[in-house]
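S.K.:
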Amino acid sequence: AQDFHQRSTTLLRVDPQLDLSAPHLRESVEVHPDDWQVNPINTVSGGHVFITYEGITEGDHVCAHAYGPSYGPVSLGCQDVTAEDSSLSFDLAPDIIAALFNQTMTLNYSVQFNNNLPRFSPDRAIKVLSPQLTTPSIEEATAGEVDLTTFEGNATGLVPIWEYAAEGQCCW
Numbered sequence: 006a007q008d009f010h011q012r013s014t015t016l017l018r019v020d021p022q023l024d025l026s027a028p029h030l031r032e033s034v035e036v037h038p039d040d041w042q043v044n045p046i047n048t049v050s051g052g053h054v055f056i057t058y059e060g061i062t063e064g065d066h067v068c069a070h071a072y073g074p075s076y077g078p079v080s081l082g083c084q085d086v087t088a089e090d091s092s093l094s095f096d097l098a099p100d101i102i103a104a105l106f107n108q109t110m111t112l113n114y115s116v117q118f119n120n121n122l123p124r125f126s127p128d129r130a131i132k133v134l135s136p137q138l139t140t141p142s143i144e145e146a147t148a149g150e151v152d153l154t155t156f157e158g159n160a161t162g163l164v165p166i167w168e169y170a171a172e173g174q175c176c177w
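Each residue of the sequence shown is one higher than the one before, starting from 6 at the first, in our numbering.
(1) In whole angstroms, what separates the C-alpha of residue 65 from that of residue 54?
(2) Within a Cβ cutoff of 7 Å, which residues of the same chain sit near residue 99, ignoring the five residues on either side of it in sequence?
(3) Under the DSSP definition of a beta bridge, which residues are partnered with residue 113?
(4) By DSSP, does residue 96 sit in helix, in strand, or in coil?
(5) With DSSP collapsed to three states, give me the class of residue 48.
(6) Residue range of the beta strand (DSSP E) that residue 85 falls in?
(7) Measure from the alpha carbon of residue 113 to the alpha carbon of each residue in 28, 22, 105 and 163, then state which is nearest.
(8) Which one or two residues does DSSP pair with residue 55 in a beta bridge?
(9) Check the DSSP bridge columns for residue 130 and list the partner residues they point to.
(10) Can you check whether the CB of residue 56 is closer than 8 Å to the CB of residue 69?
(11) Go ahead and pull the three-state DSSP assignment for residue 143.
(12) Step through the CB atoms of chain C and report whether any lies within less than 8 Å of the CB of residue 167.
(13) Might you give, ordered along the chain, the residues of its own chain that have their beta carbon closer than 7 Å to the beta carbon of residue 124, omitting 5 neighbours on each side?
(14) Starting from residue 42, trace the beta strand (DSSP E) in both directions and tell me its first and last residue.
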């Protein structure tokens, strides 16, 4: 009689899943549930995009992006998670905010680990409000009125520099 023993090995492969949450712009506010806005006055020097997710692990490669209607996507950079990290912060340049005045800016990020394909976060849509512009004036005006008989020559219009003003921009 022959004794045959069958040996088998079972491999259980689990596709690694991450529970990614949407990024957060520190300078934004949630007006209603999932209705985010940012006032440009709060981002004159730029913004700060915070990323954290369940299972953040040393060695994760995280890349953040911003885009809007007919704009971008623009990379906010990539960072590798260290053992000390529980969240990451990415700088959002003021010119990105300026490009999206009175529009919706969308932020998202990707996470790549162990040579797997990148995983993508849910988007965070943020309404960028219109900036508050300065009030122009006419130098020869008195109490808001221009009396053409009180001066000779041309009147001088004054337009104070406003937040987000950039060299080469036109103003009328």
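Note that beta-carbon positions come from the ideal geometry of N, C-alpha and C, so glycine has one too. Only a predicted model underlies this, so the values are computations on that prediction, with no experimental measurement involved.
M.R.: From the atom records:
(1) Along the sequence shown, one-based indexing puts residue 65 at 60. Along the sequence shown, one-based indexing puts residue 54 at 49. Rounded to the nearest angstrom, the two C-alpha atoms are 17 Å apart.
(2) Taking the first residue of the sequence shown as 1, we reach residue 99 at position 94. Closer than 7 Å at Cβ, skipping near neighbours: 48, 49, 50, 51 and 169.
(3) Position 108 of the sequence shown, counting from 1, holds the residue named residue 113. In the DSSP output, where bridge partners are listed per residue, residue 113 has 70.
(4) Here residue 96 corresponds to residue number 91 of the sequence shown, with the count starting at 1. Three-state result, residue 96: strand.
(5) Locating residue 48 in the sequence shown gives position 43, where the first residue counts as 1. DSSP places residue 48 in helix when its eight states are reduced to three.
(6) By one-based count along the sequence shown, residue 85 stands at place 80. Unbroken beta strand (DSSP E) run through residue 85: 76 to 85.
(7) Your numbering for residue 113 matches position 108 in the sequence shown. The shortest Cα separation from residue 113 among 28, 22, 105 and 163 belongs to 28.
(8) To locate residue 55, count along the sequence shown from 1; it is residue 50. Bridge partners of residue 55: 29 and 94.
(9) Here residue 130 refers to the residue found at position 125 when the sequence shown is read from its first residue. In the DSSP output, where bridge partners are listed per residue, residue 130 has 111.
(10) Taking the sequence shown and counting its residues from 1, the one referred to as residue 69 is at position 64. Taking the sequence shown and counting its residues from 1, the one referred to as residue 56 is at position 51. In this structure, the beta-carbon distance from residue 69 to residue 56 falls below 8 Å.
(11) Counted from its first residue, the sequence shown places residue 143 at position 138. The answer is strand: DSSP assigns residue 143 an E or B state.
(12) Absent here is chain C; the protein component of the structure consists of one chain.
(13) By one-based count along the sequence shown, residue 124 stands at place 119. Around residue 124, the same chain offers 23, 25, 115 and 116 as residues with beta carbons nearer than 7 Å, after the five sequence neighbours per side are excluded.
(14) Along the sequence shown, one-based indexing puts residue 42 at 37. Counting along the chain, residue 42 sits inside the beta strand (DSSP E) bounded by residues 40 to 43.
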